[in-house]
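Here the protein sequences come in this chain order: A and B. Going by my numbering, the first sequence opens with residue 1, and the numbers climb by one from there. Going by my numbering, the second sequence opens with residue 357, and the numbers climb by one from there. A short worksheet on the structure shown next.
2 protein chains.
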Amino acid sequence: MELSDRKRAILQAIIEDYISTAEPVGSRNIAKNHDLGLSAATIRNEMADLEEMGYLDKPHTSAGRIPSEMGYRFYVDSLMHRYSLTMDEISSLQRSMDRKYNQLENVISEISDIISKVTNYPAIVELPAAQKSRLRNVRMMLIEKGSVLIVVVTDAGVVRNRHINVSDNIDYEVIDSISEFLSTQLTGLAADDFTAARLMLIYEAMAQYGEFLKVVIEFVLECLGNSENRVYIGGASNILNNPEFENIDRAREFLSFIDRRENVSNMLRLSGEGVDESISIKIGSETGVEAMRDTSLVVASYSVGDKLHGKIGIIGPKRMDYARVVSSLELINGKLSEILGRMLYGEDRKDDKNGF
Amino acid sequence: MELSDRKRAILQAIIEDYISTAEPVGSRNIAKNHDLGLSAATIRNEMADLEEMGYLDKPHTSAGRIPSEMGYRFYVDSLMHRYSLTMDEISSLQRSMDRKYNQLENVISEISDIISKVTNYPAIVELPAAQKSRLRNVRMMLIEKGSVLIVVVTDAGVVRNRHINVSDNIDYEVIDSISEFLSTQLTGLAADDFTAARLMLIYEAMAQYGEFLKVVIEFVLECLGNSENRVYIGGASNILNNPEFENIDRAREFLSFIDRRENVSNMLRLSGEGVDESISIKIGSETGVEAMRDTSLVVASYSVGDKLHGKIGIIGPKRMDYARVVSSLELINGKLSEILGRMLYGEDRKDDKNGF
DNA sequence: GTTAGCACTCATTCTCTCCGAGTGCTAACA
DNA sequence: TGTTAGCACTCGGAGAGAATGAGTGCTAAC
């Protein structure tokens with residue numbers, strides 16, 4: 001059954017009032033504050049209908065109405081109009097992100113701070129990770145006698161290294177030749193390509209360094225494996241600014257859920273399923289998580305290059321300003337892709353100052 | 357003025373009762389539950405004295421007494437007896453830390469989880485960092501045409517890398533020779549040794565690669581600079597389990613303080629001043645932080661090798677089980693040094709499986 | 001179809017009282 | 001002189017009503 005225009009207008013008015021006040025909204029208030037040209041009594045009738053249809057709930061008989069999850073869903077899908085950030089907001093956001101970052105971890109934690117500051121909600125930022133990557137290069141270097149550093153670079157631009165000890169009589173040349181050998185043998189391979197047969201060939205070719213090769217290859221495989229998307233949470237305490245979390249037990253339940261990163265990253269994984277647009281909104285129980293029953297999750301997906309993907313998002317009360325959150329996330333998301341691209345794949349060729 | 361043995365015993369009884377119940381303790385309870393051989397009235401008199409001397413506070417006339425900060429301080433310094441973890445506790449702790457860690461960030465976040473699980477308080481873990489380090493090695497490698505990776509290793513065992521783009525006509529040999537050159541020129545230097553004169557020499561020797569060298573050297577300096585001690589916080593929501601944080605405003609104040617890493621790391625810095633023992637306890641206002649007025653900070657310092665230092669600790673209500681916290685932290689602290697040592701400086705030579 | 005009016009509901013707030021844990025003081029006791 | 005019993009007093013907290021008022025649903029009139 002379709003909603004009449006009048007019902008839509010009333011539903012929208014109720015949801016928006018509720019979003020801004022967090023109080024159940026009554027017919028009288030709608031009649032007074034919104035120019036619908038209707039009396040409270042009429043609105044009352046419509047509200048009764050909307051409740052019957054499942055768009056509204058009533059906390060108790062003598063309170064006003066609040067949106068149901070179905071109501072929010074309808075609002076988000078059909079009623080919400082895009083919110084445009086003001087030029088001021090945009091430029092201040094841009095400015096706050098326009099600084100030099102030197103480490104990945106720093107970017108991620110700063111961005112999560114920015115998101116939570118802008119939205120006033122707890123923010124989530126996932127480290128970029130690749131589903132399936134190929135080896136771009138593996139190198140070993142002798143740091144000093146007995147101490148070797150393995151450096152692995154994947155085609156996603158991710159660099160990792162590990163330090164191992166070897167016996168003292170291994171010198172620069174040996175390391176270099178192994179390094180050279182492995183590099184030519186393995187470059188371009190994905191984890192799946194490390195077949196027993198191929199490994200056998202490698203071990204045979206350099207039989208005397210078997211143990212050492214094994215360690216290196218193990219590490220390479222580890223780097224090529226599905227890297228978990230590590231996740232940062234910023235401004236978790238922001239949730240306490242919302243009246244729905246005045247209750248200390250609710251607050252504790254939510255915060256201890258959020259405290260465990262794996263909870264959040266599992267939830268993010270679920271939330272991405274079957275979503276093709278770049279922004280996904282999960283309302284209350286749609287998140288599939290009990291501790292999130294009073295909150296919504298808004299997530300944007302970013303890409304760096306064509307291999308690395310990650311997500312940023314916020315968690316807020318179901319009663320949140322979705323429109324504003326969505327536009328803020330979109331803006332930050334774009335900027336983040338840029339920053340990470342520069343960082344992981346080097347400066348843009350065009351204004352390249354490192355060439356010579 | 358010295359405290360009589362009887363006063364000490366009473367003070368201790370009061371503090372320990374308060375620690376376990378979180379309720380102001382009255383004279384009757386002390387008389388009943390502790391075998392001091394004194395009547396409530398006598399204890400009442402002693403309590404009045406202790407209050408006058410500043411060791412106890414009274415929330416209001418008709419409540420029992422609670423320890424003042426001075427009381428806690430005296431308890432921690434003179435009354436507290438060491439708590440020994442049971443064998444069970446120890447072995448379960450050992451077990452939970454005995455797994456293979458592959459990335460520094462993982463160790464840190466797992467350890468903070470373990471601390472907060474064991475103590476039931478919010479945990480703090482600082483990444484190990486060096487005050488002043490020397491360059492152990494710098495290398496460049498051509499990942500593919502136009503793309504160079506710089507790898508820097510400091511004598512603290514820290515490895516960092518950066519990716520930069522260069523023009524396409526730079527080949528393997530060029531990179532190798534620059535790498536070789538810089539490595540011999542810079543190895544062993546600290547940030548202070550990068551004098552203008554020395555840099556001039558380097559630039560002159562390889563004038564045609566000036567821009568490139570500049571980028572590399574900037575990066576090296578960045579790696580040698582005082583690395584901030586980045587800090588992780590685990591189980592922040594645990595603080596809500598304590599009755600002193602039933603009040604949502606207190607909880608919010610505390611949690612939003614904790615939410616900002618720089619707050620915590622500043623506080624840690626302060627807390628280390630002038631402390632030579634390995635465990636430092638700051639009670640309430642001793643932390644120097646308004647938001648911590650109801651909480652205490654217990655911190656242990658660890659070292660990896662002789663260059664890297666960091667801290668682990670917990671934040672709990674002033675009314676916390678200091679003895680138990682201290683022994684847990686000591687145990688975890690030792691284990692953490694071990695884990696990090698293995699990780700950053702390679703496996704122990706003795707059971708070295710990588711030699712050949 | 002819309003609206004005014006009215007009886008009814010119910011969470012919230014307040015006021016008041018009662019209760020009990022705990023104190024401080026005094027007087028008696030060893 | 002130190003210890004203890006006894007008693008009056010304090011004061012926060014819990015509980016019971018009562019008052020308040022925002023909001024509803026229904027009915028009857030426009």
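A virtual CB, placed ideally from N, CA and C, is assigned to each residue, including glycine. Remember, predicted model here, so these are calculated numbers, not experimental data.
Whole-Å CB distance - R495(B) paired with S465(B), under 8 angstroms assumed:
Between S465(B) and R495(B) the Cβ distance is about 29 angstroms, and since that is not below 8 angstroms, they are no contact.
Give a yes or no on contact between the region 546-557 of chain B and the region 607-614 of chain B, applying the rule of three or more CB pairs nearer than 8 angstroms.
no
In this structure, what does DSSP give as the bridge partners for P67(A)?
L56(A)
Assuming K363(B) and L406(B) make a contact with CB atoms under 8 angstroms, what is their CB distance in whole Å?
6 angstroms
Do Y302(A) and L329(A) have their CB atoms nearer than 7 angstroms?
no
8 angstroms CB neighbourhood of L569(B) in its chain, flanking five on each side removed:
I534, L538, I558, Y559 and M562
To the nearest angstrom, how far is the alpha carbon of S621(B) from that of N585(B)?
7 angstroms
If you drop the 5 nearest sequence neighbours on each side, which residues of the same chain put their C-beta closer than 6 angstroms to that of A479(B)?
S468, I471, S472, G590, G591 and I670
Does any CB atom of chain B fall closer than 7 angstroms to the CB of E262(A)?
no
Between G48(A) and T287(A), what straight-line distance do the alpha-carbon atoms span, to the nearest angstrom?
Sequence check: residue 48(A) is Ala here, not Gly. If you take the alpha carbons of A48(A) and T287(A), they lie about 28 angstroms apart.
Taking C-beta to C-beta, are H163(A) and L149(A) nearer than 7 angstroms?
yes
Measure from the alpha carbon of I298(A) to the alpha carbon of each residue in K318(A), M200(A), R260(A) and K307(A), then state which is nearest.
Checking the sequence, you will find Val at residue 298(A) rather than Ile. The candidate whose alpha carbon is nearest that of V298(A) is K318(A).
At least one CB of chain B closer than 7 angstroms to the CB of G355(A): is that the case?
Its pLDDT being 43, under 50, G355(A) is placed unreliably in this model, and the coordinates cannot settle the point.
At 4 residues or longer, and completely inside the region 436-510 of chain B: list those alpha helix (DSSP H) runs for me, N to C.
443-453 and 460-475
Can you name, in chain order, every residue of its own chain whose Cβ lies under 6 angstroms from the Cβ of F257(A), other than the five neighbours on each side?
N263 and A291
How would you label S360(B), buried or exposed, when you count the other beta carbons within 10 angstroms and need 16 or more for buried?
exposed
Quick one: residues in its chain with C-beta nearer than 7 angstroms to the C-beta of L224(A), no 5 flanking neighbours on either side, listed in chain order?
S133, L135, T154, A190 and A191
Proximal residues of chain A, C-beta to C-beta of E578(B) below 9 angstroms
N102
What is the rounded straight-line gap between the Cα of R293(A) and the Cα of M53(A)?
21 angstroms
Does any residue of chain B bring its CB to less than 7 angstroms from the CB of R250(A)?
no
Taking only the alpha-carbon atoms, compute the straight-line gap between S376(B) and S395(B) and give it to the nearest angstrom.
22 angstroms
Identify the contact partners of S237(A) in chain B, using a Cβ-Cβ distance below 7 angstroms as the criterion.
R608, L611, S612 and D615
Taking M497(B) as the query, report the chain A residues whose CB atoms sit under 9 angstroms from its CB, ordered along the chain.
N137, R139, M141, V151 and V153
Using the beta-carbon count (16 or more within 10 Å), is P484(B) buried or exposed?
buried
In chain order, what residues of the same chain lie with their CB nearer than 7 angstroms to the CB of R44(A), ignoring the 5 residues before and after it?
S27
Closest to N333(A) by C-alpha separation, out of H309(A), S296(A) and V158(A), would be which residue?
H309(A)
Around the Cβ of G566(B), are there at least 16 other Cβ atoms within 10 angstroms (buried) or fewer (exposed)?
exposed
Which residues bound the alpha helix (DSSP H) around I671(B)?
Unbroken run through I671(B) is the beta strand (DSSP E), L664 to P673; no alpha helix (DSSP H).
To which residues of the same chain is D351(A) closer than 6 angstroms at the C-beta, ignoring the five residues directly before and after it?
Residue confidence for D351(A) is low, a pLDDT of 41 falling below 50, so the modelled location carries little weight; the figure read from the coordinates is stated next. Contacts found: none.
What does S659(B) pair with, by DSSP beta-bridge criteria?
H665(B)
Comparing the C-beta of V463(B) with each C-beta of chain A, is any distance below 7 angstroms?
no
Can you give me the Cβ contacts of I422(B) inside the same chain, cut-off strictly under 6 angstroms, excluding the 5 residues immediately before and after it?
Y374, P380 and D413
Cutoff 7 angstroms: L596(B) Cβ touching any chain A Cβ:
yes
Proximal residues to G661(B) (C-beta, below 8 angstroms), its chain only, five neighbours per side dropped
A512, G513, G697, L700 and Y701
Selection of the region 530-563 of chain B by Cβ proximity to chain A, strictly under 7 angstroms:
none
What residues of chain B sit near N161(A), judged by a beta carbon separation below 8 angstroms?
V507, V515 and N517
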